[in-house]
Amino acid sequence: MRTLASTLLTLSTAALTMLAAPQAQAQSSSPTLVPAQSELGFTSKQMGVPVDGHFKRFDAHLNFDPKKPDTGSVSFSIDLGSVTLGDPQFDTELAKPEWFDSKKQAQASFQSKSIKALGAGKFEVSGKLSIKGQQRDVVVPVSLSQNGSLTTAVGSFVLKRLEFKIGDGDWSDTSMVANEVQVKFKLNFNGIAKL
Amino acid sequence: MNTPISTAPARYGALAMALHWVLALGIVCAFLVGWYMSDLPLSPMRLKLFNWHKWAGITILALSGFRLLWRLIKRPPADVPMPIWQARAAHAVHWLLYLSFFAVPLAGWAYSSAAGFRVVWFGVLPLPNLVPIDKALAEQLKELHSLLAWGLAGLVALHVAGALKHQFIDKDGLIQRMLPGR
């Protein structure tokens, strides 16, 4: 009796698992960021000298169907405290209120309003960027390419740091640190349908 | 022995003289700024001083290259009479000075490269990175640059001491070789 019951249990569990398996293997409706293979960085100019930095912690949420790009949306959150210029002295400075004010306003965010397909894997993402309580509309060109299950999104845009009060007070002198900062990213996502 | 004006020692040429004094001033200023700036906390002033110091250093490097070339084309005037060991010591100091004119700024340039700061001359001309970015190497090059700079300072002190000795003790008019006049 017990053997029959346990056999039935095993069989039904197996059946349920088999039914469930195809769904687990199906395309998830929400793509996921692969943080270990993604980079978000920037280049600023100090008296003409390019200085590179990047954020170690950020997250992205993406709803995207390549066949209907204009229905897609993307949002970002960036831990400003995770910024590094590769030099501890600079990193300590960047946490200060004149710069990112990371102790009080640690999160920066981006929320898309529209995604426009330009053809050949190129898209234009328009949305609102919020940093340090300041909000600005930005338009970011993005190129997508696929390799197996991984989709890579690459792009860059120019951010005007003074619009977000990044580098305030003494540091607002743009001959010291230029206003234009080149932001660049390479993001890898799982689960985007074939382009 | 006092040297009458009519038989004053032969002089360096005008270009050599100009290079000597312009570079002497530049080197002294770059050294003092370098010494002062290295302990400053991060601020716009520190950034300015670091960049001016690097721009001065590269300018000194370039002018020293030209100066060396010129010295090889137009040889310096003959020595004033002095014991052989003194002449040899003076020449040794001069050649070590020339070596320093290149070694000090090159070490500084390499230090900047290793630290991840490309040298952009006067903020407009990017110079190649001499070495790849490497924090440990940057620390070593910082020490090397500092050591060589102090070595240069020591050589300058010897050079000035020698010139003053000739002027006030030997009274052989040697300094006139590097000063304009008839």
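So the sequences go chain by chain: A and B.
Add 9 to the 1-based position in the first sequence for the working numbering, that's all there is to it.
Add 7 to the 1-based position in the second sequence for the working numbering, that's all there is to it.
We put the beta carbon where it would ideally sit given N, CA and C, even for glycine.
Just so it is clear, the structure is predicted and the values come from calculations on it, not from any experiment.
Just confirm the distance between the C-beta atoms of residue i and residue j, as a whole number of angstroms; I'd bet it's less than 8 Å.
i	j	result
A/V60	A/L71	At roughly 30 Å, the Cβ-Cβ gap does not stay under 8 Å, so A/V60 and A/L71 are not in contact.
A/A115	A/P78	That belief does not hold up - the Cβ atoms of A/A115 and A/P78 are roughly 32 Å apart, past 8 Å.
B/L56	B/V40	6 Å
B/A21	B/I67	20 Å between Cβ atoms; not a contact.
A/S123	A/S135	5 Å
B/Y165	B/V100	The sequence shown places Leu at residue 165 of chain B, not Tyr. That pair is a contact at about 5 Å.
A/K65	A/S91	4 Å
B/S107	B/L47	That belief does not hold up - the Cβ atoms of B/S107 and B/L47 are roughly 25 Å apart, past 8 Å.
A/V67	A/L49	Reading off the sequence shown, one finds Phe at residue 67 of chain A, where the question assumed Val. Correct: roughly 5 Å between the Cβ atoms.
B/A94	B/D86	5 Å
B/W77	B/A23	6 Å
B/L181	B/P51	Not quite, the Cβ-Cβ distance comes to about 46 Å (not below 8 Å), so this is no contact.
A/E189	B/L49	With 8 Å as the limit, A/E189 and B/L49 do not qualify as a contact, their Cβ atoms being about 22 Å apart.
A/K97	A/A202	Strictly speaking, residue 97 of chain A in this sequence is Pro, with Lys absent from that position. Rounded, the Cβ-Cβ distance is 43 Å, inconsistent with contact.
A/N199	A/V58	Contact flag wrong, Cβ pair sits at about 38 Å.
A/Q2	A/F99	A question about residue 2 of chain A goes unanswered here, because the residues of chain A that appear run from 10 up to 204.
A/M56	B/N136	In fact, because the Cβ distance is near 17 Å, the residues do not count as touching under 8 Å.
So if DSSP puts residue i in a beta bridge, which residue, or which two residues, is it bridged to?
i	result
A/T7	Residue 7 of chain A lies beyond the range of chain A shown here (10 to 204); nothing can be said about it.
A/S154	A/T161
B/P133	B/V127
A/Q116	A/D88
B/L22	B/L22 is not bridged to any residue.
A/T41	A/H70, A/N199
A/V149	A/V134
A/T186	The identity of residue 186 of chain A in the sequence shown is Val, whereas the question assumes Thr. Note: A/V186 sits in a beta bridge opposite A/Q55.
Hey, quick one: how far does the beta strand (DSSP E) through residue i stretch, first residue to last?
i	result
A/T160	159-169
What residue range does the alpha helix (DSSP H) around residue i cover?
i	result
B/I182	Neither: B/I182 is in no alpha helix (DSSP H) and is coded neither H nor E.
B/V167	142-172
B/T66	51-80
B/I91	91-121
How would you list, in chain order, the residues of chain C whose beta-carbon sits under 8 Å from the beta-carbon of residue i?
i	result
A/D179	Judged by its chain identifiers, the structure shown contains no chain C, and its protein chains are A and B.
### Message
Check whether the segment 102-110 of chain A and the segment 124-133 of chain A are in contact - that is, three or more C-beta pairs closer than 8 Å.
### Response
no
### Query
Which ranges does the alpha helix (DSSP H) cover as unbroken runs of at least 4 residues, wholly within the segment 65-104 of chain A, from first to last along the chain?
97-103
### Query
Which runs of the alpha helix (DSSP H) fall wholly inside the segment 120-147 of chain A and span at least 4 residues, in chain order?
none
### Query
Counting Cβ pairs, one atom from each stretch, are 3 or more of them under 8 Å apart for the segment 129-143 of chain B and the segment 68-79 of chain B?
no
### Query
Looking at C-beta atoms only, is the number of pairs between the segment 184-196 of chain A and the segment 157-169 of chain A that lie closer than 8 Å three or more?
yes
### Task
Report yes or no: do three or more beta-carbon pairs, one from the segment 112-126 of chain B and one from the segment 82-89 of chain B, lie closer than 8 Å?
no
### Query
Any chance the segment 21-37 of chain B sits against the segment 168-185 of chain A, with 3 or more Cβ pairs inside 8 Å?
no
### Message
Taking 8 Å as the cut-off, does the segment 111-120 of chain B touch the segment 139-155 of chain B (at least 3 CB pairs, one atom from each stretch)?
### Response
yes
### Task
Pair every Cβ in the segment 168-176 of chain A with every Cβ in the segment 135-150 of chain A, then say whether three or more of these pairs are closer than 8 Å.
yes
### Message
Does the segment 138-148 of chain B come into contact with the segment 173-184 of chain B, if we say contact requires no fewer than three beta-carbon pairs (one atom in each stretch) closer than 8 Å?
### Response
no
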